[in-house]
Each structure stands twice: as C-alpha cells, then as structure tokens.
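What follows is a short report on a single structure.
Chains as they are written, first to last, in my numbering: chain E, 2 to 115; chain V, 504 to 650; chain Z, -13 to 95.
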C-alpha cells in the first residue's frame, strides 16, 4: 500500500544491489541487482536502464530492462520499451512498437479438447 | 509469385471458415482467412489470419499478420504483425516484428521480435538510451554513462 | 439449427490437404485433396478442384472433382463440371455438357 507520493530514483542515480520496499516507485536511472516491491507499482521510465530481476504487484516498463519480471497483478510494456527476459504475471499488456524477447507466462485457460 | 493481376485469383477475396467446420491437415492460402471453426492444420498464408472468438487453431501458422480473438495453440511466425485481442488465448511461440498483447489476453510462450536491435521509432531526444543493451546483466559498471 | 444461409466459402486461393468436416453448407473455389464429410450441402464452384472422397447431403459440381461421392439426397454434375469417380445417391443429375466417368448407384437404403 503506497503512502502518498511514489519514491523516485532520478536519472543520474545508479544503484547496484538489492532494492526492496513497500511503496510505489518510479525509476529513471540505472539499477542493477534485484528489485522487490511486492505490493506496489513500479514504473520504469524511458530513461531507465535496468539489469535486474523484479518482483512486483504491477509494473509499467517504458525503458530498457534486462531481467526476469514476476508480477502478482499486471505487467505493461509500452511502445518505447525494450525488454529482454521472462515475464510471469496474470495480466500482460504489450503495446505496438515495444521490443521484447523472452518468455511470457500468463495463466492460460484452454477449452476442453484442445 | 505472380502479381495481383493474375486472372481468377484476385487478392480481394476473404475466406470465412464457419463455426461448425473442422479442418485437419495443411492449409495454404493467398487470401485473408477468418476462422470461426476448428483448424488442426498447418496454415501458411501470404495474407491476414483472423481467429474469431469461436475459432480454435491447433497448429503452427505462418502468415503475414494475425489477430487472435479465439484460441491458438501452436507457434506463430508473421511477417508483419501479431495481435492478441483481449479475449484471445494463445500458447506457443511468437515470432514477428510487431506484437501487440491487449489487456485481458492470455499468452504463454516465447516472444521473439526479429527487429529487436533496431533503433526505437520513439521521438525521444534522450541520448541516454544506447542501442546496445548488455546481453547479460552487464558486468560493466555504468561509468561510461553520458549525462 | 439457425443459419441455413451461412456457408463457408473456401476461396480460390485456398488449398487444403487433409480432412474437412462440417455441419454447414460448404462452397469450394480452391483446391482440396483428401476427404470431405458434410451434413449439409457441398458445392464445387467452377474454379474448384477437388480430389477427395466426399460424404454429403447434396452435392453440386461446376468445377473438377476426382473421387467417390456418397450423398444422402442428390448429386448434380453441372454443365461446366467434370467428375471422375463413383456416385452413390438416391438422385443423380448429369447436365448436358457435363463430363463424367464412373459408376452410379441410385435408390438404396
């Protein structure tokens, strides 16, 4: 549950290591390592360059990401994004123009006999 | 392949495969295909494929473009675009230059966009998005990062 | 069943190798090789080229058909049609000008 404004990691910030928290977060800079915001929304802005495995509730990827994402709710990959890695989430939205390479795993209920 | 001027086969036709039709084997086409029935046949088409809500395709397909509102189990290779509609469900690998997954769609498989390394079409003037992305999490410290 | 009007039309550039099964009218304008089983009406249009065994209710051939046909009602080979194969149906019409080669068996159980 977020308590007010989301946190912000600015364009000129570079983090290497484990990042975890309990509030929504916007990343404009570079993060390498792991990110865990299990109950929150993470936004990777267009300038963001992430090399990390990510565990969130919701994520919006507008920048570059290299790593696996696990979201308990929703993953959104926008038209400017460039993503390499696997995604596991119940809902994934990928816009036209997004660049992606990797595995996507949503729950797919197939009808009987398929 | 001969041009569109060839007699008989005008590329303006569309084939709609009705909900009670089941096709098994191999299907080739040079016209748009709308699938409302069940196809267990490898589809190879130079045009568009539309899988409607009632449509079920269980096979690999190779098309120009595809829009999936039904069920597709199989690998898809498209020359232009694949779109999974909000009610679409797909299991299989997707290889296409452009891919759209709508909110509500269900997908499981690998996605591979061939033009992955092309420069983005975004109008962003940001110099901080280099075309080269380190393949494996980068051992290089981002010291060369230009502001 | 609704939609006796709905027919699946397999257009002129569609080529199928395999089996087609359906419970709606089917019009073939392309090329089919294999087997067709329909509970409704089947039409092979003048551009159609079918090499298949056919089981259907009604069949009308204006194109080319090579294969045996079993129909529960009627088979018609129209004047532009060409057929090679056996026909088993209670009613058979071969129009003047049509080309046909094969056995015909009418009036059965």
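Backbone N, C-alpha and C define an ideal beta-carbon position, used for all residues, glycine too. This one's a predicted model, so the numbers in the text were calculated from it and none came from an experiment.
| Check | Outcome |
| --- | --- |
| Cβ closer than 7 Å: which chain V residues qualify as neighbours of residue -4 of chain Z? | 518 |
| Applying the criterion that 16 or more other CB atoms from any shown protein chain within 10 Å of the CB defines a buried residue, is residue 42 of chain Z buried or exposed? | buried |
| Would you please state the rounded distance, in angstroms, between the beta carbons of residue 95 of chain E and residue 603 of chain V? I believe it to be under 8 Å. | 6 Å |
| Select from E:100, E:113, E:99 and E:90 the residue whose C-alpha is nearest the C-alpha of residue 106 of chain E. | E:90 |
| Among all the DSSP beta bridges, which residues are the ones paired with residue 14 of chain E? | For residue 14 of chain E, which the question treats as bridged, DSSP gives no partner whatsoever. |
| Show which residues of chain E have a CB atom less than 8 Å away from the CB atom of residue 609 of chain V. | 107, 108, 109 and 110 |
| If the cut-off is 7 Å on Cβ atoms, which residues from the stretch 560 to 574 of chain V count as contacting chain E, listed in chain order? | 561 and 574 |
| So is residue 573 of chain V buried or exposed if we call it buried at 16+ other beta carbons inside 10 Å? | buried |
| Could you list which residues in chain B have their beta carbon closer than 9 Å to that of residue 97 of chain E, in chain order? | Going by chain labels, chain B is absent from the structure shown, which instead holds the protein chains E, V and Z. |
| Expressed to the nearest angstrom, what Euclidean distance is found between the alpha-carbon atoms of residue 611 of chain V and residue 71 of chain E? | 14 Å |
| Using the DSSP secondary-structure output, state which residues sit across from residue 111 of chain E in a beta bridge. | Residue 111 of chain E is not bridged to any residue. |
| How about residue 115 of chain E: is its C-beta nearer than 7 Å to some C-beta of chain V? | yes |
| By alpha-carbon positions, which one of E:35, E:101, E:76 and E:41 ends up nearest to residue 5 of chain E? | E:41 |
| For residue 540 of chain V, which residues from the same chain have a beta carbon less than 8 Å from its beta carbon, with the 5 sequence-adjacent residues on both sides left out? | 520, 521, 522, 523, 524, 525, 526, 557, 558 and 559 |
| Is residue -8 of chain Z helix, strand or coil when you go by DSSP? | coil |
| Please report the straight-line C-alpha distance between residue 597 of chain V and residue 20 of chain Z, rounded to a whole angstrom. | 30 Å |
| Starting from the C-beta of residue 81 of chain E, find all residues in its chain whose C-beta is less than 6 Å away, skip the five residues before and the five after it, and write them out in chain order. | 47 and 63 |
| So who's on the other strand from residue 545 of chain V, going by DSSP bridges? | V:529 |
| If contacts are defined as beta-carbon pairs under 8 Å, then residue 6 of chain Z and residue 36 of chain Z qualify, I think. What distance do you get, rounded to the angstrom? | With 8 Å as the limit, residue 6 of chain Z and residue 36 of chain Z do not qualify as a contact, their Cβ atoms being about 10 Å apart. |
| With 16 other CB atoms within 10 Å as the buried threshold, where does residue -2 of chain Z fall? | buried |
| Within 10 Å of its beta-carbon, does residue 617 of chain V have 16 or more other beta-carbons around it, so buried, or fewer, so exposed? | exposed |
| Consult DSSP for residue 96 of chain E and reduce its assignment to one of helix, strand or coil. | coil |
| Leaving out five residues before and five after residue 628 of chain V in sequence, what residues of the same chain have Cβ atoms less than 8 Å from its Cβ? | Bear in mind that a pLDDT of 45 at residue 628 of chain V, under 50, signals an unreliable position, so the number given afterwards is only what the model happens to contain. Once the five neighbours on either side are set aside, residue 628 of chain V has no close Cβ partner at all. |
| Considering only the alpha carbon of each residue, which of E:59, E:25, E:20 and E:77 lies closest to residue 98 of chain E? | E:77 |
| Tell me, please, which residues DSSP counts as bridged to residue 92 of chain Z. | The partner list for residue 92 of chain Z (beta bridge, DSSP) is empty, contrary to what the question assumes. |
| Considering just the uninterrupted stretch of the beta strand (DSSP E) at residue -1 of chain Z, what are its terminal residues? | Here residue -1 of chain Z belongs to no beta strand (DSSP E), and DSSP marks it neither H nor E. |
| Is the CB of residue 5 of chain Z under 7 Å away from at least one CB in chain V? | yes |
| Quick check on residue 92 of chain Z: buried or exposed, where buried means 16 or more other Cβ atoms within 10 Å of its Cβ? | exposed |
| Is there at least one Cβ from chain E nearer than 7 Å to residue 590 of chain V's Cβ? | no |
| Among the candidates Z:89, Z:65 and Z:33, whose CA atom is the shortest distance from the CA of residue 56 of chain Z? | Z:89 |
| So that I know if they touch, is there some Cβ in chain E lying closer than 7 Å to that of residue 576 of chain V? | yes |
| Could you tell me if residue 562 of chain V is buried or exposed, where buried requires 16 or more neighbouring beta carbons within 10 angstroms of its beta carbon? | buried |
| Just checking my contact of residue 15 of chain E with residue 606 of chain V at CB under 8 Å: how many whole Å lie between their CB atoms? | At roughly 33 Å, the Cβ-Cβ gap does not stay under 8 Å, so residue 15 of chain E and residue 606 of chain V are not in contact. |
| Taking buried to mean at least 16 other C-beta atoms within 10 Å of its own C-beta, is residue 58 of chain Z buried or exposed? | exposed |
| So which residues on chain V does residue 40 of chain Z lean against when the C-beta distance must stay under 8 Å? | Result: empty, since nearest Cβ-Cβ is about 15 Å, beyond 8 Å. |
| Taking DSSP as the reference, what is the three-state secondary structure of residue 27 of chain Z? | strand |
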